[in-house]
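The structure appears below as structure tokens.
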Amino acid sequence: MLTGKSIVVIGGDARHVEMMNQLIEKDATVYAIGYEELDDEIEGLFLTDVDHIPKEKIDAIILPVTGLDQKGYAEGHFAESSPQITEEWLNGFPEHCLLFTGIMTPFLSELSMFENRIIKLFDRDDVAIYNSIPTAEGTVMFAIQHTDFTIHNANVTILGLGRVGKTLIHTFKGLGANVSVYSRHDDELARIFEYQATPIRYEELEQSLRNCNILINTIPALIVTPSLISALPKDSLIIDLASKPGGVDFRFAKKRGIKAMLAPGLPGLVASKTAGRILARVIHNIMLENA
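Heads up: the sequence shown runs through residues 25 to 315, numbered per the working numbering.
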């Protein structure tokens with residue numbers, strides 16, 4: 025439980041609404057900045073602004089998954105304008121106060137007063153593995169919506185065997201797809217084989233795509249180049265799950281007439297309640313560990 029702990033949430037999306045509900049259930053005192061247009065009333069939530077936060081009592085600050093941009097703005101979905109945070113404002117918090125963000129941004133990397141106290145949630149294995157579940161389900165949703173064939177017996181190629189890639193293998197194999205997975209690493213190729221999927225080496229990739237129906241990229245670097253796109257059948261679908269800048273040449277895909285979708289942040293889009301509970305669970309555990 026978080027009895028006696030005070031948290032301020034700055035900006036965010038639908039998953040943060042559920043996260044705040046869960047943290048309040050854990051007996052934390054929660055202040056929210058940038059939620060003036062929130063439709064649902066949350067019992068126990070204190071809606072406020074940057075000028076009315078009792079800084080000396082705050083144990084944690086929670087930012088949107090996108091962090092703060094270069095001017096200190098926090099992405100907000102429940103306010104007319106995004107809240108802006110300054111370095112000067114952040115100076116007034118206790119030395120034990122933790123700062124949670126989804127990703128690190130240049131603005132956050134320059135905050136010397138929070139050195140060693142910034143928690144990058146999306147860098148953590150537990151968050152990434154939990155989030156891989158709604159990510160895989162959202163990928164299935166897009167695959168069904170944007171194709172005219174069944175996933176069962178379709179040829180699905182996954183690029184990358186990270187935390188998302190592993191869950192994608194189990195999900196698509198469970199639906200009866202013929203799953204192939206690309207990796208540059210011998211140990212990962214062995215693991216792909218052990219998962220009863222087809223391993224693909226770099227020199228085999230282009231040829232293997234000639235029969236691909238659904239190509240799913242998880243690698244955050246340009247890997248789906250014009251040469252790979254040219255190898256794909258015209259009725260195939262590309263789904264890019266990689267974080268910015270992504271890994272697909274969308275210009276060439278459009279030129280060739282192949283449907284290609286950029287789909288980052290699927291947990292917040294397709295399962296905001298589950299995604300919010302994941303964030304709350306991990307934040308709760310980290311705060312107890314640091315206490």
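All C-beta atoms, glycine included, are put in the ideal place defined by N, C-alpha and C.
What's the gap between the Cα of TYR219 and the Cα of ILE193? Walking along the sequence shown from the start, residue 219 turns up at place 195. Walking along the sequence shown from the start, residue 193 turns up at place 169. The straight-line gap from Cα to Cα measures roughly 8 Å.
Segment contact flag, the segment 148 to 161 with the segment 183 to 191, C-beta cutoff 8 Å, min 3 pairs: yes
N- and C-terminal bounds of the beta strand (DSSP E) containing VAL248: The residue you call residue 248 lines up with position 224 of the sequence shown. Looking at the DSSP string, VAL248 is not in any beta strand (DSSP E), and its letter there is neither H nor E.
7 Å CB neighbourhood of PHE196 in its chain, flanking five on each side removed: Here residue 196 is taken as the residue at index 172 of the sequence shown, counted from 1. Closer than 7 Å at Cβ, skipping near neighbours: ILE175, VAL180, VAL203.
By the three-class DSSP mapping on this structure, what secondary structure does SER232 have? Residue numbering aside, residue 232 sits at position 208 when the sequence shown is read from its first letter. Helix at SER232.
Alpha carbons only, please: which of ILE85, GLY126, PHE217 is nearest the one belonging to VAL74? Within the sequence shown, residue 74 is the residue found at index 50, counting from 1. The shortest C-alpha separation from VAL74 is found at ILE85.
Top-ranked residue by Cα proximity to GLU139, from ILE263, ALA152, PRO118: For the purposes of this step, residue 139 is taken as the residue at position 115 of the sequence shown. For GLU139, the nearest C-alpha among the options comes from PRO118.
Is the distance from the Cβ of VAL294 to the Cβ of GLU212 below 8 Å? For the purposes of this step, residue 294 is taken as residue 270 along the sequence shown, with counting starting at 1. For the purposes of this step, residue 212 is taken as residue 188 along the sequence shown, with counting starting at 1. Result no, Cβ atoms of VAL294 and GLU212 do not sit closer than 8 Å.
Three-state secondary structure (DSSP) of PHE70: Indexing the sequence shown from 1 puts residue 70 at position 46. Strand, per DSSP.
Would you report the Cα separation of PRO130 and PRO88, rounded to the nearest angstrom? Here residue 130 refers to the residue found at position 106 of the sequence shown. Here residue 88 refers to the residue found at position 64 of the sequence shown. PRO130 and PRO88: Cα-Cα distance of roughly 15 Å.
Residue from GLU230, GLU65, THR242 with nearest C-alpha to SER365: Since the first residue shown for the chain is 25 and the last is 315, residue 365 is missing from the structure and cannot be characterised.
Look up LEU92 in the DSSP assignment and give the residues it is bridged to. As a working note, residue 92 is residue 68 in the sequence shown. DSSP lists ALA98 as partners of LEU92.
Can you pull the DSSP bridge partners for ILE55? Here residue 55 refers to the residue found at position 31 when the sequence shown is read from its first residue. The amino acid at residue 55 is misidentified as Ile; the sequence shows Tyr. DSSP lists VAL32, PHE70 as partners of TYR55.
Got a sec? Which residues, its chain only, sit under 6 Å from GLN108 by beta carbon, not counting five neighbours each side? Locating residue 108 in the sequence shown gives position 84, counting from the first residue. Closer than 6 Å at the Cβ level, and outside the excluded window around GLN108, lie GLY96, TYR97.
Enumerate in chain order the residues of its own chain whose CB-to-CB distance from LYS81 is below 7 Å, with the five nearest sequence positions on each side excluded. Counting from one through the sequence shown, the residue named residue 81 turns up at place 57. For LYS81, where only same-chain residues beyond five positions count, the Cβ hits under 7 Å are SER30.
Specify, as a first and last residue, the run of the beta strand (DSSP E) that PHE124 falls within. Locating residue 124 in the sequence shown gives position 100, where the first residue counts as 1. Residues 122 to 125.
Among the residues of its own chain, which have a CB less than 8 Å from the CB of GLU134, if the five just before and after it don't count? The residue labelled residue 134 in the question sits at position 110 within the sequence shown. Closer than 8 Å at Cβ, skipping near neighbours: GLU111.
Secondary structure at PRO291, three-state DSSP: helix, strand or coil? Looking up residue 291 in the sequence shown gives position 267. Looking at PRO291 - three-state DSSP - the assignment turns out to be helix.
From what residue to what residue does the beta strand (DSSP E) around ILE262 run? Position 238 of the sequence shown holds residue 262. Segment 261 to 264, the beta strand (DSSP E) holding ILE262.
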